Amino acid sequence: MSLLALTILFPLIGFVLLAAGRNKLPESVAAIIGVGAVGLSALCALISGLKFVNSGATQQVDHLWTWFNVGGFNPGISLHLDGLSLVMLGMITGVGFLIHIFASWYMRGEEDFARFFSYFNLFVASMLLLVLGDNLALLFLGWEGVGLCSYLLIGYYYSNPDNGLAAMKAFTVTRVGDVFLLIGLFLVFQQFGTLDIAYIVENASTVMTQSSSITIWTALMLFLGAAGKSAQIPLQTWLADAMAGPTPVSALIHAATMVTAGVYLCCRLFSVFEMAPEVMVFISITGAVTLIVAGFAALVQTDIKRILAYSTMSQLGYMFMAVGAEAYQAGLFHMLAHAFFKALLFLSSGAVILAYHHEQNIFKMGGLFKHNKFLFACFAIGGGALAAIPFLTIGFFSKDAILGAVWVAGQSVAVYDCLYWTGVAGAFLTSIYTFRLIWIVFFGKENTPYHAIKGATYWLPLAILAVLSTFVGAVLKTPVANILSAAKIPAFDIPEALEHGMHAAEHTAVGIALAGLAVGIVLFAFAYKAVQGFARTSLGSGLANICRNALGFDALYDIIFVKPYLLIAKLLGRDPIDGVWLVLPALVKGGHRFTSSRQSGSLREYASSMAFGIVVIMMILILTQVVGK
């Protein structure tokens, strides 16, 4: 068996062992199995990646066996390694391993410790299957696997009904996206006669007709499937509620891996999307609208994890903007950078939550800087990368490349120029809410006693992610670009005449992001009382309520979808179709009751009935004779 297959097999074995052992396994044994399985997977991924790069090959396919064969459709269980899957492989196993180490510290003392790590291992295996599958059927199997694990992990604390509802909401909304994806796969198969990814990518320009109706519908269905997994409007409402799960879940699934599956799908099938330029524009517009909505929502949240959740949604919007502008490599590098700094922020927030006795309201924290400067450094680095602080953080090197590419696209297609300014506005909002979060938690009034936290499994993953979130992590940009180019992921073409303007656009974005930081400092460090006063006015409270509810999408969907569904369910609760068929036995029963009631045993009644019957018959005969004449 190849090392590539072992990257999936080890987490699967860990899942089986942990699921079988459940409560019988001591915490230390469960931690060793759970963390060790992903560690071995990461080691296999590293060795496989090094061998692949050193071989100079552009792709590697390991065929394990044929999945099924129906009418000539015979997708295989085959693993495909190229530059794109190699980047995803490193991100999933590398960042995933660090999160598993942290989780072994964070989840100590929790009920069903082994159950948690069994779900965690199964998720990693499913995500690896998603990115390594060489056909769309196998990709879809992994796609559904991560959706299942997301449901299980969001609802991990199932004794609280709200957590169960959050899990069901995430499962339901993402399943809507999965239906669109499945339709897209049917349309792909109809046109290509196969779901082999390499064949589809290479032959899209010859098999598909540009901008034809079926091409547009195919690309649109595939994107809507991606939007469901990556929490883009209109399927974004699940992500914030998904914070009901343990914090390591937020770091692994809802920041570093699963939510990036949609971006991966769009980049993997880039040639299909390029045959529908209208859909490409729609993808960028969707990303831009999502990042603005998420930015406003993050401004007023009080839950530390929900702030980070909306920031995740916003950064995914940037990635889709890049995809729509054909800047795939910029979007993919931002995806990698985001995995580093958002995992750092989520894990740091988990440490903060434990330090404040599982408190998640930032206004009930405060004063953490004087107690734990290491956590402050982690938050400052992660927040700086999120806000794209120039030169010092990896976020600067990834996000600005996206905005520069969108500006270049705007010189030929006007809508992209508007999207560039939308992205800049999003960067402005990001700086404000990031500073707000850090200032209130670390320098605000201390409202909850601090509890000291320690342990190598707590600080080591944070330290590694902090280093990767600085300019040190930016050294990966060139190697990643070379690997992606070898995988035939197109590099963004910048006309020489527009290079100077693109750099000016990038500098403008940096300047406005720094202006947002300055505004945040003024508002929350020096004029916070004025902010509180405005929030108490009718206008301020109204705006805050709108933003807190992310512009009311949940309420809108409740009116359009949820309430009509519940009404229909109520109407159908007694099964009216079945009720129609019950008319027949009711008639029989009624006839039986009537006829049986006539059997009284009274001769007088029988004689009267017979006489009445004779009279009726005679009248009928007389009337018949009269009418006949």
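Residue numbers (my numbering): 2 to 630. Every residue gets a Cβ at the ideal spot worked out from N, C-alpha and C, and that includes glycine. Values in this document were obtained by computation on a predicted structure and should not be read as measured data.
Using beta-carbon positions only, say whether residue i and residue j come within less than 8 Å of one another.
i	j	result
Ala545	Val301	yes
Ala331	Ile100	no
Leu130	Leu139	yes
Met169	Val147	no
Thr291	His255	no
Thr219	Thr210	no
Ala378	Ala453	no
Ile403	Ala528	no
Val125	Val208	no
Ala205	Val273	yes
Ala295	Val260	no
Leu270	Ile201	yes
Leu188	Leu196	no
Phe472	Leu557	no
Val416	Val563	no
Val409	Leu499	yes
Gly502	Leu430	no
Could you give the DSSP three-state label for residue i: helix, strand or coil?
i	result
Thr195	coil
Leu393	coil
His255	helix
Gly73	coil
Gly134	strand
Val414	coil
His64	strand
Thr471	strand
Ile560	helix
Leu270	coil
Leu26	coil
Ser79	strand
Ile578	helix
Ile33	helix
Asp163	helix
Ile215	helix
Tyr157	coil
His501	helix
Lys590	helix
Phe321	helix
Asn550	coil
Asp113	coil
I need the straight-line Cα distance from residue i to residue j, nearest angstrom please.
i	j	result
Phe69	Ile560	43 Å
His81	Asp135	5 Å
Val481	Gly91	11 Å
Phe380	Leu346	6 Å
Lys400	Met89	19 Å
Asp83	Ala514	35 Å
Cys150	Met320	24 Å
Leu333	Ala227	15 Å
Gly580	Gly574	11 Å
Gly591	Ser597	10 Å
Ser413	Pro496	11 Å
Leu182	Phe190	12 Å
Val616	Glu606	15 Å
Ile439	Leu51	39 Å
Gly263	Leu85	14 Å
Gly521	Ala388	12 Å
Phe193	Asn550	43 Å
Ala536	Leu524	12 Å
Gly229	Ser539	35 Å
Ser610	Leu588	23 Å
Val353	Lys25	31 Å
Ile547	Gly553	6 Å
Val46	Gly351	A small fix is needed here, since residue 46 is Ala in this sequence, not Val. Between Ala46 and Gly351, the C-alpha separation is close to 28 Å.
Glu360	Lys306	11 Å
Out of the options, which has the shortest C-alpha to C-alpha gap to residue i?
i	options	result
Pro249	Leu376, Val273, Ala338, Ser105	Ser105
Gly97	Ala262, Thr509, Val36, Gly592	Val36
Pro278	Tyr459, Ser212, Ala340	Ser212
Pro76	Asp83, Leu85, Trp66, Gly84	Trp66
Tyr152	Trp239, Ser214, Ala205, Tyr200	Trp239
Ala488	Gln61, Ala32, Ser42, Phe11	Gln61
Phe398	Val425, Tyr265, Ala338	Ala338
Val280	Ala326, Leu309, Thr195, Gly502	Ala326
Ala340	Val282, Phe392, Ala475, Gln237	Ala475
Tyr451	Phe370, Ser432, Phe118, Thr431	Phe370
Who does residue i pair with in a DSSP beta bridge?
i	result
Asn362	Asp304
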